[in-house]
Amino acid sequence: SSNAISVAPILTGLKNDCATPLPVLRHVADEMTADMRAGLAIDGGSELKMILSYVDSLPSGNEKGLFYALDLGGTNFRVLRVQLGGKDERVIATEFEQVSIPQELMFGTSEELFDFIANGLAKFAEKEGGKFHIPQGRKREIGFTFSFPVKQISIDSGILIKWTKGFAVSGTAGKDVVACLNEAMERRGLDMRVSALVNDTVGTLAGARYWDDDVMVAVILGTGTNACYVERMDAIPKLQGHVSPSARTIINTEWGAFSKGLPLTKFDKDMDAASINPGEQIFEKTISGMYLGEIVRRVLYKMAEAGALFGDSNSDKLSKPFVLGTPDLCAMQQDNSENLEVVGSILSDVVGVKLYCHCMVKSDLTARKMVVDVCDTIVKRGGRLAGAGIVGILHKMEEDSRGLIFGKRTVVAMDGGLYEHYPQYRSYLCDAVTELLGVEKSKNLVIEHTKDGSGIGAALLAATNSKYG
Ligand code: ADP
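Read in UniProt numbering, the sequence shown has 169 at position 137, and its numbers run on one by one without any break.
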């Protein structure tokens, strides 16, 4: 049809601009490796912050006792307790609760927010049942997962750089968030202590490592994205003096800020310009769940505007940022029906364009196929670039420890809703890793989904960093 003909060049152009052939992937992986080195050399040396986690010893499986975790990273906070039984018994019992944070507290004072959290924690602790035991005279210890940008000072303290994700709490920036929590617990009369302050990526690595000694990297692909890995102390020039008995530590890369060598389109640049943080988090904006749907929406809007893709259909709804979510792309890509009925209903429900399925005009089916093609193009690019990022990390590690990454089994622990729920994204990611590494090196590499390891990971890090030795 004539519609398909006038849209075709937009699709062809998009595919060209988003292409990720092996040389592009190689270049991205190399730039990631180089940026990691630059960030390890000096503070501010790279877009990648390469933050020291002060996690110098990882769970071994021998941890014993009762530990708590507190996870604050979005509109909910989660509390968890776990009774650890050492190598043989492992996790004897675990319980958790989730509490949603009232909207007004996200715009209130630091004291109000931390009082609310301490109160939730206290109520949870009061319900501790008979399966959990703490030796006499000991305080209950907490692993605190705090997924906002923090300048870590030690394993159990860190200064909040700024709130993100819609939080605008006054009086916390520039303060030690552990001290804020401790003060609130004191006001509540709650006698617990924070033994580890961790980023969610670091918690994921620790949680996965508890079950598998070969876990060396953790990657989160959800609303946003981040990665961390096990680094050699002597490969961190900016460290100057800090020593670890294990000679290893975890580095939180904050890789969402990476930007070099990415194949970007006008749609990406426009989305970035309209965002609350233009010029920042470019890798995140290309590969993570918050943005994939929005990039596709921008492409479809352009196609609709050209008057071509959806005929005379009203595209008012389609002009609204973020109406199309990444789960919608995922649902459309799972549509195996002959007439792409799911695609049709998502287009009419979410985007407000009607492609009349009952008359099965050929051009309507062609249009739906094109929509799926657009989704696939953006998701393929995202997954493959995420894969290239992982290979960049692995190469960095291998360069400093010949044979210790590719010469033996190595596990990359993956978590986050995007990786978990989007099969095409997952396989594009894995394909890219295999292409880049080649068959031989890929054999030893395991990319593994670890569901919700970060909560228990934080409790495990409280155990490994226990004040009671
Ligand atoms: P967060 O990253 O917000 O802490 P998650 O790890 O659960 O939480 O990730 C949620 C994100 O995962 C959503 O913002 C969405 O982008 C993505 N996601 C959730 N469900 C799906 C799905 N069915 N298909 C594709 N992406 C999904």
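Don't be surprised by glycine CBs; every beta carbon is placed ideally from N, CA and C.
Residue i: CB within 8 Å of a non-hydrogen atom of the ligand ADP
i    : result
G105 : yes
C260 : no
C362 : yes
G117 : no
T358 : yes
G414 : no
T255 : yes
Y454 : yes
I133 : no
Short Cβ contact (9 Å threshold) for residue i with residue j
i    : j    : result
M446 : I410 : no
P91  : Y242 : yes
I319 : T233 : no
V385 : F342 : yes
L469 : G415 : no
F164 : A216 : no
S85  : R264 : no
I252 : A259 : yes
G254 : Y451 : yes
Closest by C-alpha distance to residue i, when choosing among the options
i          : options                   : result
S307       : L294, P295, K292 and Y323 : Y323
I327       : D246, L90, H427 and L296  : L296
S142       : Y100, V210 and D360       : V210
L57        : G449, K301, G421 and I133 : G421
P55        : L379, Y460, E160 and G293 : G293
V465       : A61, E263, G203 and G221  : A61
L98        : L84, K197, Y86 and V114   : V114
G169       : A363, D223 and S179       : D223
E312       : E127, S78, E467 and Q272  : S78
residue 21 : L153, Q184, S291 and I166 : Any answer about residue 21 is impossible in this case: the structure gives the chain only from 33 up to 501.
E316       : R413, K96 and T126        : R413
C362       : Y454, P181, K440 and K428 : Y454
A200       : G140, S459 and D302       : G140
A238       : A494, R400 and S498       : A494
Close beta carbons around residue i, own chain, < 7 Å, minus the five adjacent residues each side
i    : result
S331 : Note on identity: in this sequence residue 331 is Val, with Ser being the wrong assignment. Once the five neighbours on either side are set aside, the close Cβ partners of V331 are L46, F299 and V406.
M392 : Only weak support is given to the placement of M392: the predicted model assigns it a pLDDT of 43, under 50, and the question is left unresolved by the model.
E82  : The residue asked about is misnamed: residue 82 is Met in this sequence, not Glu. Result list for M82: M68, G71, L72, I283 and T285, in chain order.
M335 : V39, I42 and L341
F438 : E430, K473 and N476
D360 : G325, I378 and V382
K349 : V355, V383 and G384
N94  : G118 and K119
D49  : P295 and T297
V423 : A61, V465, L468 and L469
L145 : L137 and V201
Sequence-distant residues of its chain with Cβ nearer than 8 Å to residue i (five each side left out)
i    : result
C389 : In this predicted model, C389 has a pLDDT of only 46, less than 50, meaning its place in the structure is not dependable; the value taken from the coordinates is given anyway. Same-chain partners within the cutoff: N371, E373, G376 and D396.
K207 : S142, I191 and L192
T196 : F180 and P181
Same chain only: Cβ atoms within 6 Å of residue i, ignoring 5 sequence neighbours per side
i    : result
G501 : none
T482 : A240, A445 and D447
Y100 : R113, R172 and I174
Residue-chain proximity (residue i, chain B), Cβ-Cβ < 9 Å
i    : result
E431 : Judged by its chain identifiers, the structure shown contains no chain B, having just a single protein chain.
- request: Count the C-beta pairs between the region 114–124 and the region 184–193 that are closer than 8 Å, then say yes if the count reaches three, no if not.
  value: no
query: Between the region 109–118 and the region 482–490, are three or more C-beta pairs nearer than 8 Å?
result: yes
task: Would you be able to state if there are at least three C-beta pairs under 8 Å between the region 167–176 and the region 218–231?
output: yes
- request: Inspect the CB distances between the region 435–446 and the region 245–253 and report whether three or more fall short of 8 Å.
  value: yes
message: Taking 8 Å as the cut-off, does the region 142–157 touch the region 95–105 (at least 3 CB pairs, one atom from each stretch)?
response: yes
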